[in-house]
Amino acid sequence: MSATGLDVRHFTHADLPEVRQTLIDVHADALADEMDDPFNQRFPWFVDHWGGHPEFSCVIAFEGDKAVGFAYGAPGSPGREWWRDYLDPAPEKSRTFSYSELAVSPKWRKKGVAERLTRTLMEKRDEDLVVLLVDPEHPRVQALYESWGFRKVGERQPFPDSPVYAVMLAELPLK
Ligand SMILES: CC(C)(COP(=O)(O)OP(=O)(O)OC[C@H]1O[C@@H](n2cnc3c(N)ncnc32)[C@H](O)[C@@H]1OP(=O)(O)O)[C@@H](O)C(=O)NCCC(=O)NCCS
């Protein structure tokens, strides 16, 4: 089955209790090879942090009842966009959606699920820009984001135990 055969559903902050464990389970499946990393083990904390945002926006792809991938984020605070450090001058249109997480179960890779999730999540946004962080040691993932219109604008290490990430920015709507 291709990505188009999946049922992609949208969830909000109010749905967090319903989807929290689903997100944790899909993440553990998608990152099974990397779950010895303490940073990845802190994922439930991140779900609660992002899901606690009143404008949390999440999409989950289902094959029947089974969740096989998800994408989520939340808008940043207008005027306080942290990516401004990387762009001089900053663009005038600067309302930004922070794209926090994307994961697809291994069985469902290479079928366009990540793109479908990303585009479905972004179609619902009315911000000017979207920002995300990606581990530059995963250049194939970075290339995936580039294929959807993101470009690297700098590097950032948000937590002492996190990787030094590439900061990637794209204009909305995605091309
Ligand atoms: C990123 C992801 C959603 C993309 O799914 P997809 O569109 O089906 O694409 P693929 O799985 O084929 O991944 C694209 C490429 O990135 C590579 N890649 C994916 N996740 C990777 C990871 N965690 N580390 C290193 N490389 C990774 C794949 O090997 C693939 O490389 P290839 O084209 O040379 O075969 C999926 O691979 C995934 O869930 N990965 C684990 C979680 C993750 O890394 N999320 C991104 C956080 S920024």
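Numbering follows full-length UniProt numbering, in which position 9 of the sequence shown is assigned residue number 9; successive positions increment by one, without gaps.
Glycine included, C-beta positions come from ideal geometry on N, C-alpha and C.
Would you kindly report the start and end of the unbroken beta strand (DSSP E) that includes residue i?
{"i": "Pro75", "result": "Lys66 to Pro75"}
{"i": "His164", "result": "Strictly speaking, residue 164 in this sequence is Val, with His absent from that position. Note, Val164: premise wrong, no beta strand (DSSP E); not H, not E."}
{"i": "Gly154", "result": "Arg151 to Arg156"}
{"i": "residue 176", "result": "The displayed coordinates of the chain run from 1 to 175. Any statement about residue 176 would go beyond what the structure contains."}
{"i": "Leu174", "result": "No beta strand (DSSP E) holds Leu174; DSSP gives it neither H nor E."}
{"i": "Ser98", "result": "Thr96 to Val104"}
{"i": "Leu132", "result": "Leu129 to Val134"}
Give the range of the alpha helix (DSSP H) segment to which residue i is assigned.
{"i": "Val20", "result": "In the sequence under discussion, the amino acid at residue 20 is Arg, which differs from the Val named in the question. Start and end: Leu16 to Ala30."}
{"i": "Met122", "result": "Val113 to Glu123"}
{"i": "Leu144", "result": "Pro139 to Ser147"}
{"i": "Phe56", "result": "Unbroken run through Phe56: none, as it is neither H nor E."}
{"i": "Asp48", "result": "Phe43 to Gly51"}
Go ahead and label residue i buried or exposed: buried means 16 or more other beta carbons lie within 10 angstroms of its beta carbon, across all protein chains shown.
{"i": "Ala143", "result": "exposed"}
{"i": "Arg125", "result": "buried"}
{"i": "Phe159", "result": "exposed"}
{"i": "Gly64", "result": "exposed"}
{"i": "Ser77", "result": "exposed"}
{"i": "Thr118", "result": "buried"}
{"i": "Ser105", "result": "buried"}
How is residue i classed by DSSP in three states: helix, strand or coil?
{"i": "Arg9", "result": "strand"}
{"i": "Glu81", "result": "coil"}
{"i": "Glu34", "result": "helix"}
Please decide whether residue i counts as near chain C, where near means a Cβ-Cβ distance under 8 angstroms.
{"i": "Arg95", "result": "The structure shown contains no chain C, having only a single protein chain."}
Which whole-angstrom value is the C-beta distance of residue i and residue j, which I expect to be below 8 angstroms?
{"i": "Leu132", "j": "Phe150", "result": "7 angstroms"}
{"i": "Ala74", "j": "Trp50", "result": "6 angstroms"}
{"i": "Val113", "j": "Ala3", "result": "5 angstroms"}
{"i": "Val26", "j": "Ala103", "result": "6 angstroms"}
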